[in-house]
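*Asks:* Could you have a look at this structure, given as structure tokens, before my questions?
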Amino acid sequence: MKKFRKVLDGLTTSSPGGTIGSPSCGSAAGTPTAVPTPKEIDVQETLVSENFQLCKTVRHGFPYQPTALAFDPVQKILAIGSRSGGVRILGRPGVDCYCQHESGAAVLQLQFLINEGALVTACADDTLHLWNLRQRRPAVLHSLKFNRERITFCHLPFQSKWLYVGTERGNTHMVNIESFILSGYVIMWNKAIELSTKTHPGPVVHLSDSPKDEGKLLIGFEGGTIVQWDLRAKKADFRIYYDEAIHSVSWHHEGKQFMCSHSDGSLTLWNLRNTTKPFQVTFPHGKIQKDGRKESCKPILKVEYKTSRNSEPFVIFSGGLSYDKAGRRPTLTIMHGKAITVLEMDHPIVEFMVLCDTPYNNEVQEPYAVVVLLEKDLIVVDLTQSNFPVFENPYPMDIHESPVTCTAYFADCPPDIIPILYSIGAKHKKTGYSHKEWPVGGGTWTLGSHTYPEIIITGHADGSIKFWDASAFTLQMLYKLKTSKVFEKPKPGDGRAAELGEEDPFAVQMVSWCPHSRIFCVVGISAHIILYRFSKYEANTQIVSLEVRLQCEPEDIITPSENENNPCFSEQGSYSPQPHHQHAVSPGSRTPDGAKDSIPCLKVRDKMVRVPPGYQSDLVIQLLWVDGEPPQQITSLDINSAYGLLAFGNCNGLAVVDYLQKTVILCISTLDLYGATDPYQRLTRSPRRNRQSTSEHSMRGLSNFYSDSKKRIRTSYQSLTELTDNQQSIDMERSKSPTSELCFQKVHYPTSLHNDPRILPEPVASLRASHCSPVFYLLDNVKGPGRKLSLPTDLKTDLESRENSFSRSRSSSVSSIDRDTKEAITTLQFGESYGRKSDALPTPCLWVGTSLGVVILIPLSIPTDHEERMEDPVTVGPSGAVQMLKGSVLHCGFLDYNGALIQSPYEVWRDLNALEDPDRQRRRKLVHFSPSSSQETFGEGHLSVVCSERQAKVFLMPSQSCLFVHNITESSFVLRADVVSLCNSVCLACFCANGHVMTLSLPSLRPLMDVNYLPLTDMRIARTFCFTNEGQALYLSSPTEIQRITYSQEMCDNLQEMLGELFTPIETPEAQNRGFLKGFFGGNAHTFDREELFGEAAAGKASRSLAQHIPGQGGVEGMKVAASGAVGELARARIALDERGQRLGELEERTALMMTSADTFSKHAHELMLKCKDKKWYQF
């Protein structure tokens, strides 16, 4: 509990972050106001460091770069290994667990201990791991590191304690699963093959025990040699030498024959009665050519040979297609009797596995499904139906259907939003799936007690938007929106599309969503914004389009004489744009070379369209080309449904749109927002002679990275969408700054309904929507480089260079001639605030943060009456406050004097397409959260929290005094910051480029948590990391996976009950009765005792240098999880005791080892003494 008091006397002059004078612009409001009466702020800060703990919760999506697959036929759970060392274990919906090997080595193979709640993983670093799945967070129990040989294949017989391990040298070792100790029993490659063989058989590619006799082990070598080894007699029963390399082997359940797949695309069937030649050779996809030869085929990588009681056996394999047809997709072939079905896949097949009813390999298998693991998808084929339909996947495996380019996370949403989105989205679901239940149904999962509605929004490269239900640690797609339908498809012959050369012109850059009013806004990569409204009814609509000319060009300087009669803001009152009626300059004067000008990047559909229920486009805003230069990317966006306003900005300036009246009410450069109080006092330079000449000055803040204007409009979100692992750092092309800069004089931004872009300077006009789309132009007499700005969070790609750009403090020392005047709008926030120090009541305001660390407050005058709001223009007042911070401004938030979060006002959702009801009120219903609604004791005012890349500040409004300041980082910079609610309080959460996750108390900015969580090695994390309320956050951990984390101690405590159980106690099905005659003539397979053969008593100990046993932390980890409960201290004490006992046990083992070594030494010494006892001295 933290209590603080601040006396407000003289805070304006003594606060550490003293404010900069307000813009005067001839207004008396810029003069210092009277010092307010001294009063106290008494805020009870309830958050302490014990409320915070950072941990991962769940991972959603498709495992990135999968490598291995396994299935437990009794527990009905599926495991997928990946190249990065991750293991995903899936059961019924809700049962989804992610494990990670500490080494990060690729997973080569997975083997379940069937119905035992354990999993063996073989990794590329030649280490075996045993995972305990009987706890909600699986952990490694044992590890075994091979030192001299490389692991190539593993096989664990059902209900066996011994794991067979094949190596690259061709040897086969036995590992005890319980102790993870290597047996002295080894099948050496030179013993397995004939002595007369002159060549090495190659690595072991297959191991399996005979269904007829468990004492017979079938060993397949890559070179084409197959050996059946008699484990009892320690000799080979037979050897097969085949010309083609072997990829896989599959037994018939009776154990009398087996099938092999080969590198030439053939399948060979071998009968144990005659192993001199194959019983059958087939080329399933190889046709006989005219010359009588078989056409060459690709290798068959795997084959499964499964029998069925009521039908012909199934032969299922991958690969084997002929080489004659280039570009054919990967296939899975199902041979059922004489019928051959070829299933084409969208991606290469990594692995497949046939699911059968029985875990016993000597019974009729009865296959019912095939799990196919693709490089970018997981599908399950139903074998019980003749057309082989696929099952509908209940897991969110299609997050990456189109590469993810942005994310948004909303916790504690209105409870009605998820059902309505689901009902709309369910109408567009695909059909044709199997009607049977999803076959992977293992584990148990129950809805936890700490659940609330959560929604995740993902934007994609193809312009699609997906809404996901993320409640209770699950993920289910609710609704999909395609923003590309708003635009016409670029035609191949379209010069504009060809010149752009954009592969993904509709890619989503950022989103803004108000769950209460259901207003949704999308920013696209082609400098466009689409505003959507939600409706439960379909409608016929014509899309309204606004075109904005937001291009600031610094080499044409406006002299004071040209501007002295046209102030940026009026001297008194608010700024109200007026229409102009001036003549235009010829457009050809600016584009003598025929460069494109005043056209958008995309063409909006101009016909009446019928839109289905759901989100329906209401307004499209597009930035225009200027003098052959493409528009700059939009860097910030905010929308407020109560005000009916939308604000956006880029490196050129700021625009505010009234989406109710479909007009632009403000279109201004960033520089002109300051008025006469520019904190950097930029200097005028002479115009440059050559348009192409540039300097090497790098711009600071978010405007630090620009690309060449001659290149296509393309942001570096490619690194986010790329599905290949690039371990090297991504180097973005540095931009070049113009040699000339804007002066600090005020410049105007005229707008026009006409198509002529050359107009004289006039104030910004407020225009009504008309039958034609109004076009708005920006500063036609100023030209500048048409360089694009990348995604806001994408601008920090070159981390090292980005750090260097902050070497100088952003203080008054930066106001030099070397400084570029372009600064980007990095954050926007609507809210009820105080535009000036003299204001007595809060009014609608827009907080603007820039890349130079400046915060500008713009008051707005919005009509309150419904009719007036739809007819009278919204006016913009002069900027009322300018504050300074270090680094680019990232976030603004508001608190009342009690320290409670003030939410932005919103409009209650109403369906504009609903049938008219005379009893229903059609007026807008607004919900306001006034700063004074809950703080009568403290009077009027509120606290403003502003966070930048380097520091956070808390300001007192309306006095604009800085109460608290905290330097978050000096060696790095903040990538994401948000004011979030947690435990009925609020805090400031920050994610830094060095991987630290921090939380600060509000309003005192005390550090509460600082965890070095994630080193920022991948810019994908920086672009997609986002915080939300209730102590949760997420980021895109790979191109296909979303990782959710929590920084709340309460959620960490309840994490165990919210996760699913992987293991459920199930009785192992009994083996079928084989009958007396079958058992009598079928051999004595059931009397085989592996312990008798492989145990230390019979086989001895393996060489210690061959493999190293590494004890795991599985048991201790389980207790550490339990230690976070109510009896945490006691559990921690028990953990300490257990760890001490474990150390004592290790000490005891070392002592026993030393005693054994001493005994061995004593024995050798005694033998030497006996040998030398009778020798004379001269015999030595």
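Those letters in the sequence shown? Residues 100 to 1279, per the working numbering, in order.
Even glycine gets a Cβ: it sits at the ideal position worked out from N, Cα and C.
All figures in this text were calculated on a predicted structure; none of them were measured in a lab.
DSSP beta-bridge partners for Trp350?
*Replies:* Partner(s): Phe357.
*Asks:* In three-state DSSP terms, what is Cys222?
*Replies:* Here Cys222 sits in strand by DSSP.
*Asks:* Along the chain, where does the alpha helix (DSSP H) containing Phe413 start, and where does it finish?
*Replies:* Note, Phe413: premise wrong, no alpha helix (DSSP H); beta strand (DSSP E) at 413-418.
*Asks:* For the alpha helix (DSSP H) containing Lys290, name the first residue and the last one.
*Replies:* From DSSP, the alpha helix (DSSP H) with Lys290 extends over 288-291.
*Asks:* Under the DSSP definition of a beta bridge, which residues are partnered with Tyr773?
*Replies:* DSSP output for Tyr773 lists no bridge partner at all.
*Asks:* Considering only residues of the segment 261-332, which uninterrupted alpha helix (DSSP H) runs meet the minimum length of 4 residues and lie entirely inside it, listed in chain order?
*Replies:* Entirely contained in the segment 261-332, the alpha helix (DSSP H) runs reaching 4 residues are, in chain order, 288-291.
*Asks:* Please identify the residue among Phe572, Glu267, Val147, Ser417 whose C-alpha is closest to the C-alpha of Ala1132.
*Replies:* The shortest Cα separation from Ala1132 among Phe572, Glu267, Val147, Ser417 belongs to Phe572.
*Asks:* Where does Leu1246 sit, in a helix, a strand or coil, going by DSSP?
*Replies:* DSSP places Leu1246 in helix when its eight states are reduced to three.
*Asks:* Compute the beta-carbon to beta-carbon distance between Leu1062 and Asn1093, rounded to the nearest angstrom, for a pair I have assumed lies under 8 Å.
*Replies:* At roughly 28 Å, the Cβ-Cβ gap does not stay under 8 Å, so Leu1062 and Asn1093 are not in contact.
*Asks:* With a Cβ-Cβ cutoff of 8 Å, do Ile292 and Arg331 count as a contact?
*Replies:* For Ile292 and Arg331, no; Cβs fall outside 8 Å.
*Asks:* Between the Cα of Ser768 and the Cα atoms of Ser697, Arg648, Lys695, Leu218, which residue gives the shortest distance?
*Replies:* When each option's Cα is compared against that of Ser768, the closest is Arg648.
*Asks:* Out of curiosity, what's the CA-to-CA distance linking Ser183 and Asn997?
*Replies:* Rounded to the nearest angstrom, the two C-alpha atoms are 48 Å apart.
*Asks:* Taking the runs of the beta strand (DSSP E) that are 3 residues or longer, which of them lie wholly in the segment 684-758?
*Replies:* 708-710, 713-722, 735-739, 744-748, 752-757, all fully within the segment 684-758.
*Asks:* Are the CB atoms of Phe993 and Gly930 nearer to each other than 8 Å?
*Replies:* In this structure, Gly930 lies closer than 8 Å to Phe993 by Cβ.
*Asks:* Buried or exposed for Asn739, going by 16 or more other Cβ atoms inside 10 Å?
*Replies:* Classification for Asn739: buried.
*Asks:* Exposed or buried, which one is Leu1014 when buried takes at least 16 other CB atoms within 10 Å?
*Replies:* The residue in question, Leu1014, is exposed, as its Cβ has fewer than 16 Cβ neighbours within 10 Å.
*Asks:* Determine, using beta-carbon pairs with one atom in the segment 1119-1131 and one in the segment 1152-1169, whether at least three such pairs fall under 8 Å.
*Replies:* At 8 Å Cβ cutoff, the stretches do not touch.
*Asks:* Starting from Arg338, follow the beta strand (DSSP E) in both directions and report where the run begins and ends.
*Replies:* First-last of the beta strand (DSSP E) with Arg338: 334-340.
*Asks:* With a 10 Å radius around its C-beta and 16 neighbouring C-beta atoms as the bar for buried, classify Cys1271 as buried or exposed.
*Replies:* Classification for Cys1271: exposed.
*Asks:* When you measure from the CB of Leu1055 to every non-hydrogen atom of the ligand GTP, does any distance come out below 7 Å?
*Replies:* With respect to the ligand GTP, the structure shown offers nothing to examine, as it has no ligands at all.
*Asks:* Using C-beta distances below 8 Å, list every residue in its chain close to Ala128, excluding the 5 sequence neighbours before and after it, in chain order.
*Replies:* The predicted position of Ala128 is uncertain, since its pLDDT is 32 and thus under 50; a value taken from the coordinates is nonetheless stated next. Only Ser121, Arg935, Lys936, Ser937, Pro977, Gly979 meet the Cβ criterion.
*Asks:* When you compare only the Cα positions, how much space is there between Gly541 and Arg249?
*Replies:* Distance between the alpha carbons of Gly541 and Arg249: 33 Å.
*Asks:* Over the uninterrupted alpha helix (DSSP H) stretch that includes Ile554, give me the two end residues.
*Replies:* That residue, Ile554, is in no alpha helix (DSSP H); its beta strand (DSSP E) goes 553-559.
*Asks:* According to DSSP, simplified to helix, strand and coil, what is Val147?
*Replies:* Note: Val147 maps to coil in three-state DSSP.
*Asks:* Compute the Euclidean distance between the alpha carbons of Leu1344 and His384, then round it to the nearest angstrom.
*Replies:* No answer is possible for residue 1344: it lies beyond the span of the chain, which begins at 100 and ends at 1279.
*Asks:* I believe Val585 touches Ile629 by the beta-carbon criterion, under 8 Å. Please report the beta-carbon distance rounded to the nearest angstrom.
*Replies:* With a Cβ gap of about 6 Å, Val585 and Ile629 count as contacting.
*Asks:* Taking only the alpha-carbon atoms, compute the straight-line gap between Glu970 and Ile961 and give it to the nearest angstrom.
*Replies:* Cα to Cα, the separation comes out at about 11 Å.
*Asks:* In whole angstroms, what separates the C-alpha of Leu1154 from that of Ala238?
*Replies:* Roughly 16 Å separates the two Cα atoms.
*Asks:* Can you check the segment 938-987 for any beta strand (DSSP E) of at least 3 residues that lies completely inside it and give the ranges in chain order?
*Replies:* If we require 3 residues or more, the beta strand (DSSP E) runs fully inside the segment 938-987 come out as 942-949, 953-960, 980-983.
*Asks:* Looking at chain B, is there any beta carbon in it that lies within less than 8 Å of the beta carbon of Asp603?
*Replies:* Included in the structure is just one protein chain, with no chain B present.
*Asks:* Which same chain residues, not among the five before or five after Ile433, have their C-beta less than 6 Å away from its C-beta?
*Replies:* Excluding positions up to five away in sequence, the list reads Ile415, Thr440.
*Asks:* Starting from Met1097, follow its DSSP beta bridges and name the residues at the other end.
*Replies:* Its beta-bridge partners are Cys1089, Asp1109.
*Asks:* Of the choices Cys253, Pro377, Val1073, whose alpha-carbon is the least far from that of Val304?
*Replies:* The residue with the shortest Cα to Cα distance from Val304 is Cys253.
*Asks:* Kindly confirm or deny that the segment 219-238 and the segment 511-528 touch, where touching means at least three C-beta pairs closer than 8 Å.
*Replies:* Contact fails: fewer than three Cβ-Cβ distances are below 8 Å.
*Asks:* In whole angstroms, give me the CA-to-CA distance for Ala344 and Gly322.
*Replies:* Computed Cα separation, rounded: 5 Å.
*Asks:* Please list, in chain order, all residues of the same chain as Lys702 whose beta carbon is under 7 Å from its beta carbon, the five residues on each side excluded.
*Replies:* Counting only Cβ-Cβ distances below 7 Å, and skipping sequence neighbours, we find Phe586, Glu587.
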